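**Q** If you scroll down you'll find the structure; I have some questions about it.
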Amino acid sequence: MEEMNLLDRFEAYVADNKKVEPKDWMPDAYRKTLIRQISQHAHSEVVGMLPEGNWISRAPSLKRKAILLAKVQDEAGHGLYLYSAAETLGIDRDTLIEELLSGKAKYSSIFNYPTLNWADIGAIGWLVDGAAIMNQVPLCKCSYGPYARAMVRVCKEESFHQRQGYQILLTITQGTAEQKAMAQDALNRWWWPSLMMFGPSDADSPHSATSMRWKIKHFSNDELRQRFVDMTIPQAEILGLTVPDKDLKWNEERGHYDFGAIDWEEFYNVIKGNGPCNKERLAARRKAHENGAWVREAAVAHANKRAAKTKAA
Ligand SMILES: [Fe+2]
Ligand SMILES: [Fe+2]
């Protein structure tokens with residue numbers, strides 16, 4: 246039997262739906278793609294706490310505060326699992342955090358939009374966590390073991406997030422005309438940025454094909470976006486809200502909703518750092534990092550003391 250080279254073996258292994266583990270040989274490009282994807286995902290979870298975090302003290306009841314607090318804490322946990330998963334690929338956390346704080350690393354552009362009213366918290370749960378689930382459920386089958394396993398728990402928690410958001414909107418839309426208008430306003434502002442969360446169109450997404458062959462991704466950006474639209478429109482109808490897209494209509498032949506063109510200029514502009522809250526978000530993360538310096542120092546001092554004790558014993 247002719248010996249296969251490492252790359253061919255890797256390709257065959259992944260094609261067979263087997264999981265790649267940290268110590269296995271993998272192509273450099275696979276490792277790089279995963280480090281980029283997992284770290285961007287981790288940063289998104291952590292930065293994603295900011296737009297909602299500033300509503301914890303303003304949530305309308307103790308119950309809503311407790312639910313929102315739990316949700317925001319979940320996102321912190323997602324960030325931690327994902328940083329750990331990225332570390333298994335040979336990059337350390339300090340480097341990852343440094344890349345976020347310096348603006349070198351990206352995170353989901355959706356978190357650069359402001360949360361102006363309480364209905365925004367509903368819209369984020371319903372649409373942003375809803376889009377996240379659509380993206381992340383297939384990642385439970387990602388070829389990279391640590392990432393796939395982290396996603397299983399993350400997805401369970403995301404589904405709670407999506408429901409809590411929808412439930413906020415269900416309550417608001419059954420309220421006064423003013424409350425209903427507030428919910429409609431939130432949908433108007435969050436709809437298009439949510440569709441952008443799936444990333445550029447397949448034609449403009451050069452790494453997609455390789456990521457699909459390596460089973461990092463299982464569906465294209467456009468496929469996932471279509472699924473999200475198909476799932477979400479009936480939910481908007483139940484809420485009695487109108488999706489801000491005049492081209493939206495059911496296409497009997499395709500068995501899917503047709504929808505209008507996405508403003509990709511806006512998307513790239515926000516990614517470049519010019520969204521409404523980019524500077525504010527990074528400034529908040531930098532401040533949190535600086536304020537947390539003493540915790541990191543104390544943890545290191547404690548670990549050193551324990552190590553010294555074990556040595557002495
Ligand atoms: Fe999350
Ligand atoms: Fe979430």
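Read left to right, the sequence shown gives residues 246 to 558 (the working numbering). Ideal Cβ positions, reconstructed from N, Cα and C, are used throughout, including at glycine. Just so we're clear, the structure is a prediction, and the values are computed from it rather than from any experiment.
1) Are the region 363 to 382 and the region 289 to 306 touching, with three or more C-beta to C-beta distances below 8 Å?
2) Can you find a heavy atom of ligand 1 that lies under 7 Å from the Cβ of residue 501?
3) What does a CB cutoff of less than 6 Å around residue 312 pick up in its chain, not counting 5 residues either side in sequence?
4) Pick from 498, 470, 309: whose alpha carbon is nearest that of residue 447?
5) Under 7 Å: does the beta carbon of residue 323 sit that close to some heavy atom of ligand 1?
6) Using alpha carbons as the reference points, say which of 255, 281, 288 lies closest to residue 342.
7) For a test of the three-state rule: what should DSSP assign to residue 463, helix, strand or coil?
8) Quick one: what does DSSP say residue 514 is sitting in, helix, strand or coil?
9) Taking Cβ positions, are residue 362 and residue 520 nearer each other than 8 Å?
10) Does DSSP classify residue 337 as helix, strand or coil?
11) Can you have a look at residue 483 and say buried or exposed, based on whether 16 or more other CB atoms are within 10 angstroms of its CB?
12) Whole-angstrom Cβ separation of residue 400 and residue 385, contact assumed at under 8 Å?
13) Which partner residues of residue 496 appear in the DSSP bridge assignment?
**A** Answer, in terms of the structure:
1) Yes: the two stretches touch, three or more of their Cβ pairs being nearer than 8 Å.
2) Taking non-hydrogen atoms of ligand 1 into account, the C-beta of residue 501 is found less than 7 Å away from none of them.
3) Within the same chain, 409 come within 6 Å of residue 312 by CB-CB distance, once the 5 residues on both sides are set aside.
4) Taking only the C-alpha atoms, the option nearest residue 447 is 470.
5) It does: the Cβ of residue 323 is within 7 Å (strictly closer) of some heavy atom of ligand 1.
6) Ranking the options by Cα distance to residue 342, first place goes to 288.
7) Note: residue 463 maps to coil in three-state DSSP.
8) If DSSP states are grouped into helix, strand and coil, residue 514 belongs with the helices.
9) Pairing residue 362 with residue 520 gives a Cβ-Cβ distance that is not under 8 Å.
10) It is coil, neither helix nor strand.
11) Residue environment analysis places residue 483 among the exposed positions, since fewer than 16 neighbouring C-beta atoms fall within 10 angstroms of its C-beta.
12) Indeed, because the Cβ distance is near 6 Å, the residues count as touching under 8 Å.
13) Its beta-bridge partners are 501.
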